[in-house]
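Please read the structure below before turning to the comments.
Protein chains: 2
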Amino acid sequence: MKKGSARPYHHGNLRAEVLRQAEAALDTVGYQNLSLRELSRALGVSHAAPRRHFADKEALLDALACNGYERLHDKMAAVVKDQKQPFETALLKLGRAYVGFATSHVALMDLMLTRKHDEQASAELRQKAAAVYGLPIEWVARAQAAGLVVPGDPMRLALAAIAAVQGLIVISNKGKIAGIPVEVLVEEVLERIIFGLRPR
Amino acid sequence: MKKGSARPYHHGNLRAEVLRQAEAALDTVGYQNLSLRELSRALGVSHAAPRRHFADKEALLDALACNGYERLHDKMAAVVKDQKQPFETALLKLGRAYVGFATSHVALMDLMLTRKHDEQASAELRQKAAAVYGLPIEWVARAQAAGLVVPGDPMRLALAAIAAVQGLIVISNKGKIAGIPVEVLVEEVLERIIFGLRPR
DNA sequence: ACCTGAACACCGTTCAAGT
DNA sequence: ACCTGAACACCGTTCAAGT
Chain X
5 MKKGSARPYH HGNLRAEVLR QAEAALDTVG YQNLSLRELS RALGVSHAAP
55 RRHFADKEAL LDALACNGYE RLHDKMAAVV KDQKQPFETA LLKLGRAYVG
105 FATSHVALMD LMLTRKHDEQ ASAELRQKAA AVYGLPIEWV ARAQAAGLVV
155 PGDPMRLALA AIAAVQGLIV ISNKGKIAGI PVEVLVEEVL ERIIFGLRPR
Chain D
5 MKKGSARPYH HGNLRAEVLR QAEAALDTVG YQNLSLRELS RALGVSHAAP
55 RRHFADKEAL LDALACNGYE RLHDKMAAVV KDQKQPFETA LLKLGRAYVG
105 FATSHVALMD LMLTRKHDEQ ASAELRQKAA AVYGLPIEWV ARAQAAGLVV
155 PGDPMRLALA AIAAVQGLIV ISNKGKIAGI PVEVLVEEVL ERIIFGLRPR
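Next comes the structure, spelled out in structure tokens:
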């Protein structure tokens with residue numbers, strides 16, 4: 005193989021390539037240990053090249069998290085596309101989708117949660133994260149309109165369900181709690197919470 | 005040579021000093037950006053000195069997290085010391101204590117949660133974390149014995165409450181969700197979950 | 001416009017040597 | 001036993017220069 009002849013000077017799609025490579029590395033090294041220099045090396049590019057597309061490491065992490073929230077939202081929105089399914093079904097499906105994403109993208113989810121609270125998080129990231137949490141809130145509001153859920157601020161009512169699902173993921177280790185898969189536990193927990201939301 | 009001096013070089017008990025300095029730095033820089041060299045500098049000690057007491061940076065973080073779980077457990081155990089208080093009261097107090105600790109030690113809590121899942125986390129850390137989660141489980145078991153909670157595995161029943169409290173903390177930003185203090189929300193959420201645990 | 005390569009100021013970790 | 005100081009192999013970031 006001839007040195008230097010393997011790649012054109014202008015990579016052409018470096019931004020996308022860096023993101024792809026970074027996410028691939030995420031699950032093996034964790035987001036803490038992502039190295040811009042190592043990513044550049046893996047892509048056969050100088051260590052300063054990514055700078056053209058990401059102002060700094062934070063910007064790359066932000067873009068990764070943003071992309072994650074986008075995919076998570078798409079996945080969740082898809083399972084509640086059918087507006088005619090029962091409220092309980094929709095909420096369970098949303099929980100399952102969230103948990104499914106979290107367990108299959110552990111490091112990415114970790115990054116997403118961490119960056120969402122960062123002072124310097126982009127407005128885009130905040131907006132994409134809010135869209136995810138908006139889905140269950142919307143369904144609670146819908147259920148209220150149908151008289152299936154006690155009256156009150158839909159956001160505050162949905163919070164028990166959202167927090168529980170989020171908490172299960174945080175507490176869990178490699179998708180399990182005390183040996184039981186989170187996929188199983190999320191059903192139990194959500195059913196109990198749905199019961200607690202019923203008009204008395 | 006018999007020494008009257010309590011400190012061999014610079015510090016008598018470097019281990020304790022490093023831990024203290026590290027926790028002080030935690031809330032200003034976040035656990036991600038803790039630097040052993042900077043801690044050493046602040047303590048007026050060589051950058052290699054802490055190594056005598058902490059095998060590596062992970063060991064220091066592990067010790068910090070361990071210490072955190074110990075204090076959290078003490079705080080939670082104290083509020084349920086009175087074995088005669090009602091089940092609901094005890095669970096609410098446990099939730100408040102957990103949230104109170106988390107909101108007043110944001111960076112430390114972040115570290116504790118992260119390290120608990122780490123492959124290389126010490127057995128001591130795991131045990132101390134488990135003790136914390138054992139407290140609400142114990143109270144669910146107690147309530148079951150009194151016929152106040154539906155039958156079933158106490159751990160799985162307590163999980164909705166534990167997960168919800170944990171989730172509120174993770175979702176929250178600087179102790180608030182949508183502008184509402186987590187201290188307020190945790191009461192609402194726990195009351196709803198307690199309702200869901202009642203025998204039907 | 002996009003990328004390189006040297007330079008700078010930091011890290012964590014190791015280790016022979018000092019006290 | 002406890003700590004130092006130099007050394008090593010990494011970082012992220014900056015910037016003049018190349019294509």
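Protein sequences appear in the order of chains X and D.
Here the working numbering is used: the first residue of the first sequence is 5, the next is one more, and so on.
Here the working numbering is used: the first residue of the second sequence is 5, the next is one more, and so on.
Glycine is no exception: its CB is placed at the ideal position from the N, C-alpha and C atoms.
Computed from a predicted structure; not experimentally measured.
Just so you know, the alpha carbons of V103/D and A82/D end up roughly 15 Å apart.
Judged by DSSP in its simplified three-state form, P185/D adopts strand. For H109/D, no alpha helix (DSSP H) encloses it, and the DSSP letter there is neither H nor E.
With a threshold of 8 Å between beta carbons, Q124/X makes no contact with chain D.
With its beta carbon less than 8 Å from one in chain D, A167/X belongs to the interface. Under the criterion of beta carbons closer than 8 Å, A167/X and G171/D qualify as touching, at roughly 3 Å. Residue range K61 to V83 is occupied by the alpha helix (DSSP H) that includes N71/D. For the stretch 180–191 of chain D, the set of residues with a beta-carbon nearer than 8 Å to any beta-carbon of chain X comprises I181, A182, I184 and L189, in chain order. In the structure shown, K97/D adopts helical secondary structure according to DSSP, grouped into three states. Looking from the CA of C70/X, the closest CA among E192/X, A145/X, A133/X and R146/X belongs to A133/X. Identification of residues in the stretch 31–47 of chain X having a C-beta nearer than 8 Å to some C-beta of chain D yields Q36, given in sequence order. Taken in chain order, the whole alpha helix (DSSP H) runs of length 4 or more contained in the stretch 136–190 of chain D are 158–175. Counting along the chain, the unbroken alpha helix (DSSP H) around L18/X starts and ends at L18 to V33. Rounded to whole angstroms, the Cβ separation of H57/X and R19/X is 4 Å, and the two are in contact under 8 Å. In this structure, the beta-carbon distance from L30/X to L112/X falls below 8 Å.
Within the stretch 132–144 of chain X, those residues whose Cβ lies closer than 9 Å to any Cβ of chain D are, in chain order, Y137. In the structure shown, A52/X adopts coil according to DSSP, grouped into three states.
The Cβ of L163/D sits closer than 8 Å to at least one Cβ of chain X.
The alpha-carbon separation between V136/X and K79/D amounts to approximately 34 Å. Within the stretch 89–101 of chain D, contact with chain X at the beta-carbon level (separation under 7 Å) is assigned to no residue. Taking a Cβ-Cβ cut-off of 9 Å, H77/D has no neighbours in chain X, whose nearest Cβ is about 16 Å from it. A residue is called buried when at least 16 other Cβ atoms come within 10 angstroms of its Cβ; D66/D meets this threshold and is buried. Counting only Cβ-Cβ distances below 7 Å, Q170/X has contacts in chain D at G171, V174 and I175, in chain order.
Within chain D, not a single residue places a beta-carbon under 8 Å from that of L64/X; the smallest gap is close to 15 Å. Between K61/D and L40/D, the beta carbon gap of about 6 Å places them in contact (Cβ cut-off 8 Å). In this chain, the alpha helix (DSSP H) harbouring L47/X covers L40 to L47. Counting only the Cα atoms, E74/D lies some 39 Å from E92/X.
Straight-line spacing of the CA atoms in G99/X and I181/D works out to 20 Å. R119/X has a beta carbon lying at 8 Å or more from every beta carbon in chain D. For A164/X, the CB contacts under 8 Å within the same chain, skipping 5 residues up- and downstream, are I197, G200 and L201 in chain order. For the C-beta of M80/X, not a single chain D residue is nearer than 9 Å; the gap to the nearest is close to 16 Å.
Within chain D, no residue has its beta carbon less than 9 Å from that of M113/X; the closest one is some 11 Å off. M159, R160 and L163: these are the residues of the stretch 149–163 of chain X whose beta carbon lies less than 7 Å from some beta carbon of chain D, given in chain order. At a beta-carbon threshold of 7 Å, the residues of chain D lying near F199/X are G200, ordered along the chain. Using a Cβ-Cβ cut-off of 8 Å, V193/X counts as an interface residue toward chain D, since at least one Cβ of chain D sits closer than that to its own.
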